[in-house]
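Asks: Attaching a single structure in structure tokens format; questions to follow.
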């Protein structure tokens, strides 16, 4: 009997070890991803600031040292690499991360977190998170959302229906459009103002098949909270909340 109890205890310890180790790995990956993302964004902000300056020379901080270099040289430094602040925290062991590699590393960490979280949920006998495998909207995809234009002879509604069909494969007859639930948003695309009009639509054809254009990777039907997580831009979140409020009022 004691032998069986020892086996049971050993399995319990092994299970707890796997759960705790996996949970710690997830937290470590999240912290690493956040540090990399913050470092990358800081250098992107610095590069944008230099793009708008007329000064011929600029002061830069490299580690704990300030140096003055030609502005164009500073731009080149920021374009080719970012100083890795994570090294000071001993999270990442490389002193310089190329901008392109930083994007790749962040994407790989994101995929790693998703896989580990799925495994953790499986170990805990919990259902997997809906929508968690979707990727947050990227800058290029956000730009694609904003680039629809009204062709000659079209009304805004005709344009909206055409764009919807091109992007998702859903046609007018598949939808019930609530024309009174209209929202006009103002964006800036490449520094130029743009006005975009949205209408709320309900999918009424259960047999309609979503066929995404090449500009998109995947889709999923989500609740308001999860949709706001992936539609991370404030304007998009406000639009989603407006539509949810309209639906709840009916």
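Residue numbers (our numbering): 114 to 363. Just so it is clear, CB atoms sit at the ideal spot from N, CA and C, and this is done for glycine as well. Just so we're clear, the structure is a prediction, and the values are computed from it rather than from any experiment.
Would residue 146 and residue 233 be called neighbours here (beta carbons separated by less than 8 Å)?
Replies: No, Cβ-Cβ distance for residue 146 and residue 233 is not below 8 Å.
Asks: So, is residue 207 buried or exposed, given that buried needs 16 or more other C-beta atoms within 10 angstroms?
Replies: Reliability of the predicted coordinates at residue 207 is poor, the pLDDT of 33 falling under 50, and no value is obtained from them.
Asks: Keeping to the same chain, check which residues put their C-beta closer than 6 Å to that of residue 188; ignore five residues upstream and five downstream.
Replies: So the qualifying residues of the chain are 163.
Asks: Let me know if residue 273 comes out buried or exposed under the rule of 16 or more other beta-carbons within 10 Å of its beta-carbon.
Replies: Answer is buried; the Cβ neighbour count reaches 16.
Asks: Of all the options 287, 142, 218 and 186, which has the alpha carbon lying nearest to the alpha carbon of residue 315?
Replies: Of the listed residues, the one whose Cα sits closest to residue 315 is 287.
Asks: Kindly indicate which residue of 141, 191, 319 and 285 has the alpha-carbon position closest to the one of residue 161.
Replies: Looking at the Cα atoms, 191 is the closest of the given residues.
Asks: Is residue 354 helix, strand or coil by DSSP?
Replies: Helix, per DSSP.
Asks: Could you spell out the range, first to last residue, of the alpha helix (DSSP H) harbouring residue 274?
Replies: 269-281 is the extent of the alpha helix (DSSP H) around residue 274.
Asks: Put residue 335 into one of helix, strand or coil per three-state DSSP.
Replies: Looking at residue 335 - three-state DSSP - the assignment turns out to be coil, as it is neither helix nor strand.
Asks: Is residue 309 near residue 298, with beta carbons less than 8 Å apart?
Replies: For residue 309 and residue 298, yes; Cβs fall inside 8 Å.
Asks: Given that a residue counts as buried once 16 or more other Cβ atoms are within 10 Å of its Cβ, and exposed if not, what is residue 122?
Replies: By the neighbour-count rule (16 or more Cβ atoms within 10 Å), residue 122 is not buried but exposed.
Asks: Which residue's Cα is closest to the Cα of residue 289: 276, 266, 318 and 235?
Replies: For the residues 276, 266, 318 and 235, the minimum Cα distance to residue 289 belongs to 318.
Asks: In its own chain, which residues sit with a C-beta less than 7 Å from the C-beta of residue 341, not counting the 5 before and 5 after it?
Replies: These residues qualify, in order along the chain: 350 and 353.
Asks: Go through its chain and collect everything with a Cβ distance to residue 138's Cβ below 8 Å, but skip five positions before and after it.
Replies: Cβ neighbours of residue 138 beyond the five flanking positions: 229.
Asks: Taking DSSP as the reference, what is the three-state secondary structure of residue 124?
Replies: In the structure shown, residue 124 sits in a helix (DSSP, three-state: H, G or I).
Asks: Determine the direct distance from the alpha carbon of residue 133 to that of residue 142, and round the result to whole angstroms.
Replies: Answer to the nearest angstrom: the Cα atoms are 14 Å apart.
Asks: So who's on the other strand from residue 297, going by DSSP bridges?
Replies: Paired residues: 310.
Asks: Do the CB positions of residue 170 and residue 182 come within less than 8 Å of each other?
Replies: Cβ atoms of residue 170 and residue 182: closer than 8 Å.
Asks: Taking the beta strand (DSSP E) that residue 167 falls in, what are its first and last residues?
Replies: Run containing residue 167: none; DSSP gives neither H nor E here.
Asks: Taking residue 127 as the reference, give the member of 236, 277 and 293 with the closest Cα.
Replies: Minimum Cα distance to residue 127 is reached at 236.
Asks: Output the distance between the C-alpha atoms of residue 269 and residue 276, rounded to the nearest integer angstrom.
Replies: The alpha-carbon atoms of residue 269 and residue 276 are separated by roughly 10 Å.
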